[in-house]
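Trainee: Questions regarding the structure given below will be posed in turn.
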Ligand SMILES: NC(=O)c1ccc[n+]([C@@H]2O[C@H](COP(=O)([O-])OP(=O)(O)OC[C@H]3O[C@@H](n4cnc5c(N)ncnc54)[C@H](OP(=O)(O)O)[C@@H]3O)[C@@H](O)[C@H]2O)c1
């Protein structure tokens, strides 16, 4: 049976590093970046209210406000639920989580305003809130869905039990998890098994390890991974980031990586990586490189 998912591109475009937390793009640079991604067929963008300390959504929105043609083409995911201390959120006294209905509804409406769109494709709870009340969250989601403000809902960084609990109250369309060769928990802690069982597509943040693999490291694990992926990249005549994406794609759950690059050439490289097929043994070569010994 086909998985339940609104995602129909091979990658989401992450926006965390586009603004003041990374490339500090001007409006013209955002526009060029978005246009080029859309030309490549990548029209699903991953936001969060907090990116750039609550500034990236509105910077991105500045492009959409002047380009209604683009606004119609994009499908936007955003996240809420983390309350970060920031100049433009003076009421936040400590960093905390808030999954109350009031905060969820306010956040969705605020993101719509910042982004300049009428509907969000997906809204995720960014992190599990220890005080979350599943029936209250389900009601907030239903309110937003009926009002036409958000089409689908999901979560991020949820454990299997947190996911199962909320999914009983409201249908979730993804659990966005940190998954890469540097962060392998999801393969072993049951989260990917659960998504496979429920036929829900996992989305993977920091799919190439947030860039850590590309710089010198004193950690032996990173050095072993670097050596192995370089060798395999040479074998497949591709770049290391392309190899790492092909490695994630090999998993049967249908992981959709959320690309974090701010460079259109690397986004194009990701699209080109779709040609790379790793064998099962090659997948385990990379795994073995990471753990430093053969599997049991
Ligand atoms: N749900 C959550 O809790 C959560 C948490 C974090 C992130 N996210 C989402 O996930 C997205 C991706 O996360 P991420 O940015 O950490 O992902 P990533 O794709 O693993 O890392 C991107 C970083 O790696 C660098 N990089 C990629 N390929 C490279 C190469 N070949 N050589 C050198 N540097 C390279 C990029 O630099 P360049 O820009 O120079 O290419 C960028 O700094 C974010 O934008 C955000 O939307 C979600």
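Numbering (the numbering used here), first residue to last: 1219 to 1514.
All C-beta atoms, glycine included, are put in the ideal place defined by N, C-alpha and C.
Computed from a prediction, not measured in an experiment: that's the story for all the values here.
Going by DSSP, what residues sit across from residue 1263 in a beta bridge?
Mentor: Per DSSP, 1231 and 1294.
Trainee: Using the C-alpha atoms, what's the distance from residue 1264 back to residue 1475?
Mentor: Their Cα atoms are separated by approximately 11 Å.
Trainee: Per DSSP, what kind of secondary structure is residue 1168 in: helix, strand or coil?
Mentor: Because the chain spans 1219 through 1514 in this model, residue 1168 falls outside it and cannot be assessed.
Trainee: Consider the C-beta atom of residue 1403 and the heavy atoms of ligand 1; say whether any pair is separated by less than 7 Å.
Mentor: For ligand 1, not one heavy atom lies less than 7 Å from the Cβ of residue 1403.
Trainee: Pick from 1392, 1327 and 1382: whose alpha carbon is nearest that of residue 1418?
Mentor: Comparing Cα positions, the closest option is 1392.
Trainee: Pairing CB atoms from the stretch 1276-1284 with CB atoms from the stretch 1320-1338, are three or more of them under 8 Å?
Mentor: Contact holds: three or more Cβ-Cβ distances are below 8 Å.
Trainee: Taking 7 Å as the cut-off, is the CB of residue 1233 close to at least one heavy atom of ligand 1?
Mentor: Flag set: Cβ of residue 1233 near ligand 1.
Trainee: In this structure, how does DSSP classify residue 1401 when only helix, strand and coil are distinguished?
Mentor: DSSP places residue 1401 in strand when its eight states are reduced to three.
Trainee: Name the two residues that bound the continuous alpha helix (DSSP H) containing residue 1274.
Mentor: Unbroken alpha helix (DSSP H) run through residue 1274: 1274-1284.
Trainee: Cβ of residue 1375 versus every heavy atom of ligand 1: is any distance shorter than 7 Å?
Mentor: Residue 1375: yes, Cβ under 7 Å from ligand 1.
Trainee: With contact counted as at least three CB pairs below 8 Å, one residue from each stretch, are the stretch 1249-1269 and the stretch 1297-1306 in contact?
Mentor: Judged by Cβ distances under 8 Å, the stretch 1249-1269 makes contact with the stretch 1297-1306, as three or more pairs qualify.
Trainee: Going by beta carbon distance, what residues of the same chain come within less than 8 Å of residue 1448, once the five residues before and after it are set aside?
Mentor: For residue 1448, where only same-chain residues beyond five positions count, the Cβ hits under 8 Å are 1458.
Trainee: Residue 1506 and residue 1512 look like a contact to me (Cβ under 8 Å); what is the Cβ gap, rounded to whole Å?
Mentor: So it is a contact: roughly 6 Å between Cβ atoms.
Trainee: What does residue 1496 pair with, by DSSP beta-bridge criteria?
Mentor: Answer is none; residue 1496 lacks a bridge partner.
Trainee: Enumerate in chain order the residues of its own chain whose CB-to-CB distance from residue 1492 is below 7 Å, with the five nearest sequence positions on each side excluded.
Mentor: Hits under 7 Å: 1228.
Trainee: Between the stretch 1367-1381 and the stretch 1308-1318, do three or more beta carbon pairs fall short of 8 Å?
Mentor: With a cut-off of 8 Å, the stretch 1308-1318 and the stretch 1367-1381 do not count as touching, because too few Cβ pairs lie within range.
Trainee: Assuming residue 1301 contacts residue 1313 (C-beta within less than 8 Å), just tell me the rounded distance between them.
Mentor: Going by Cβ atoms, the distance from residue 1301 to residue 1313 rounds to 7 Å, so yes, they are a contact pair.
Trainee: CA-CA distance, residue 1471 and residue 1324?
Mentor: If I take the Cα positions, the gap works out to 33 Å.
Trainee: Can you tell me whether residue 1478 sits near ligand 1, meaning its C-beta is under 7 Å from at least one heavy atom of the ligand?
Mentor: For ligand 1, at least one heavy atom lies less than 7 Å from the Cβ of residue 1478.
Trainee: Below 8 Å on the Cβ atoms is my guess for residue 1463 versus residue 1430; work out the distance and round it to an integer in Å.
Mentor: That belief does not hold up - the Cβ atoms of residue 1463 and residue 1430 are roughly 15 Å apart, past 8 Å.
Trainee: Would you mind stating whether residue 1322 and residue 1397 have Cβ atoms separated by less than 8 Å?
Mentor: Against a cut-off of 8 Å, the Cβ pair of residue 1397 and residue 1322 comes out as no contact.
Trainee: Based on the DSSP secondary-structure assignment, which residues constitute the bridge partners of residue 1300?
Mentor: Per DSSP, 1315.
Trainee: Taking the beta strand (DSSP E) that residue 1444 falls in, what are its first and last residues?
Mentor: Note, residue 1444: premise wrong, no beta strand (DSSP E); alpha helix (DSSP H) at 1438-1453.
Trainee: Ligand 1 and residue 1264: does the residue's C-beta get closer than 7 Å to at least one heavy atom of that ligand?
Mentor: Yes, Cβ of residue 1264 sits closer than 7 Å to a heavy atom of ligand 1.
Trainee: Residue 1308 bridges to which residues according to DSSP?
Mentor: Paired residue(s): none; residue 1308 is not in a bridge.
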